[in-house]
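Residue numbers (this note's numbering): 989 to 1122.
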């Protein structure tokens, strides 16, 4: 009688588990970095949208608006009808009719972004009308 066994040996299974572990160790940090980039893109997009809101407000009232718009923890607060993306808080400051600045923060990261138009630079932004993150 012949013994015909089918299946994998313990060594083969251990090798597969080690390979999967190595691939996971490579992929997890890449995924975390992708999430951070998404948060930054969301904040930059909200700052660009804030620029549109500011210019629309200025065309109506000849002054820029200031205040806070938030969409964090299920609570939203708008600023002249502007509500930021989920998890983002945007704080705008005006300087009369000469210009404005805004900063954005996301609840899932410690990094911040800023934009300014017609006023002194607001860190981390260094170029007027270009959102920049630290």
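Glycine included, each C-beta is placed from N, C-alpha and C at the ideal position.
The structure displayed is predicted, hence computed values, not measured ones.
Could you give the first and the last residue of the continuous beta strand (DSSP E) run that contains residue 1009?
Translated into positions along the chain shown, residue 1009 becomes position 21. Here residue 1009 belongs to no beta strand (DSSP E); instead the alpha helix (DSSP H) covers 998 to 1049.
Tell me where the beta strand (DSSP E) around residue 1092 begins and ends.
Looking up residue 1092 in the chain shown gives position 104. 1088 to 1094 is the span of the beta strand (DSSP E), which, as asked, contains residue 1092.
Use the C-beta contact count for residue 1089: other C-beta atoms within 10 angstroms, 16 or more gives buried, fewer gives exposed.
As a first step, residue 1089 must be located in the chain shown, where it is residue number 101. Buried, since its Cβ has 16 or more Cβ neighbours within 10 Å.
Starting from residue 994, follow its DSSP beta bridges and name the residues at the other end.
As a position in the chain shown, residue 994 is number 6, starting the count at 1. None, per the DSSP bridge assignment.
Bridge partners of residue 1055, per DSSP?
Start at 1 with the first residue of the chain shown, and residue 1055 comes out as number 67. 1080, per the DSSP bridge assignment.
What's the C-alpha gap between residue 1114 and residue 1018?
For the purposes of this step, residue 1114 is taken as residue 126 along the chain shown, with counting starting at 1. For the purposes of this step, residue 1018 is taken as residue 30 along the chain shown, with counting starting at 1. Going by the C-alpha atoms only, they are around 29 Å apart.
Go ahead and pull the three-state DSSP assignment for residue 1109.
Locating residue 1109 in the chain shown gives position 121, counting from the first residue. If DSSP states are grouped into helix, strand and coil, residue 1109 belongs with coil.
Just list the residues that DSSP pairs residue 1065 with in beta bridges.
Position 77 of the chain shown, counted from the first residue, corresponds to residue 1065. According to DSSP, which records beta bridges pairwise, residue 1065 is partnered with 1058.
In whole angstroms, what is the alpha-carbon distance linking residue 1118 and residue 999?
The residue given as residue 1118 occupies position 130 in the chain shown. The residue given as residue 999 occupies position 11 in the chain shown. C-alpha separation (whole angstroms): 56 Å.
State the DSSP-derived secondary structure class of residue 1102, mapped to helix, strand or coil.
Here residue 1102 is taken as the residue at index 114 of the chain shown, counted from 1. DSSP places residue 1102 in strand when its eight states are reduced to three.
Using beta-carbon positions only, say whether residue 1077 and residue 1093 come within less than 7 Å of one another.
Position 89 of the chain shown, counting from 1, holds the residue named residue 1077. Position 105 of the chain shown, counting from 1, holds the residue named residue 1093. It is a contact, given that the beta carbons lie within the stated cut-off.
In its own chain, which residues sit with a C-beta less than 6 Å from the C-beta of residue 1056, not counting the 5 before and 5 after it?
To locate residue 1056, count along the chain shown from 1; it is residue 68. Around residue 1056: 1079.
On the premise that residue 1111 lies in contact with residue 1086, defined as a C-beta separation below 8 Å, what is that separation, rounded to the nearest angstrom?
Translated into the one-based positions of the chain shown, residue 1086 becomes position 98. Translated into the one-based positions of the chain shown, residue 1111 becomes position 123. About 19 Å separates the two Cβ atoms, so there is no contact after all.
Expressed to the nearest angstrom, what Euclidean distance is found between the alpha-carbon atoms of residue 1011 and residue 1104?
As a working mapping, residue 1011 is identified with position 23 in the chain shown. As a working mapping, residue 1104 is identified with position 116 in the chain shown. Straight-line Cα distance between these residues: approximately 43 Å.
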